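When we follow this note's numbering, the leftmost residue of the sequence shown carries the number 7, and every step to the right adds one.
Just so it is clear, CB atoms sit at the ideal spot from N, CA and C, and this is done for glycine as well.
From a predicted model like this one, the values you see are computed outputs, not experimental measurements.
First up is the structure itself, then whatever we jot down about it.
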Amino acid sequence: MPTYDYVCDDCGHEFETYEAITAEPRKDCPECSQATLRRKIGPGAAILFKGSGFYKTDYRSESYKKAAKADKTSEAPAKSSGDSASPASKPSSDGGSTTSKPASSPSS
């Protein structure tokens, strides 16, 4: 149900209420009981979709998903067999780490 804002032209009382779209607008003010109540016209609230299933990509067909996956794999840069691992990432023969120590700068 949408929320509607009302204002009384007689006493200035403003309030909002939840009403069905098909409901007739209220006419009597709850504060002064005069029939000078009117529904305010405003930008309204946006519809909030919560939960899964509300993104445009959630309803893609399986054929579209397969084509998109194939495009992603074809765009990935191909690795040559010689560049399989850099020397810094290979373990050393002594079992220790091959990370190099930063060069020390001369102290002044």
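1) Residues in the same chain with beta-carbon distance under 6 Å from residue 22, minus the five sequence neighbours each way, listed in chain order, please.
2) If residue 2 sits next to residue 41, beta carbons under 8 Å apart, how far is it from one beta carbon to the other, in whole angstroms?
3) Taking the continuous alpha helix (DSSP H) assigned at residue 81, which residues delimit it?
4) Which residue's Cα is closest to the Cα of residue 17: 7, 44 and 71?
5) Distance check for residue 46 and residue 29, CA to CA, integer angstroms please.
6) Give the straight-line distance between the Cα atoms of residue 70 and residue 36, rounded to the nearest whole angstrom.
7) By the three-class DSSP mapping on this structure, what secondary structure does residue 4 have?
8) In the DSSP assignment, find the unbroken beta strand (DSSP E) run with residue 9 in it and report its ends.
In brief:
1) Same-chain partners within the cutoff: 9 and 11.
2) Residue 2 is absent from the structure shown; the chain starts at 7 and stops at 114.
3) Where residue 81 is concerned, the enclosing alpha helix (DSSP H) stretches over 68 to 81.
4) Comparing Cα-Cα distances from residue 17 to each of 7, 44 and 71, the minimum goes to 44.
5) Our two residues, residue 29 and residue 46, have alpha carbons roughly 15 Å apart in a direct line.
6) 56 Å
7) Absent from the structure is residue 4, since the part of the chain shown begins at 7 and ends at 114.
8) Counted as a single uninterrupted DSSP element, the beta strand (DSSP E) harbouring residue 9 occupies residues 9 to 14.
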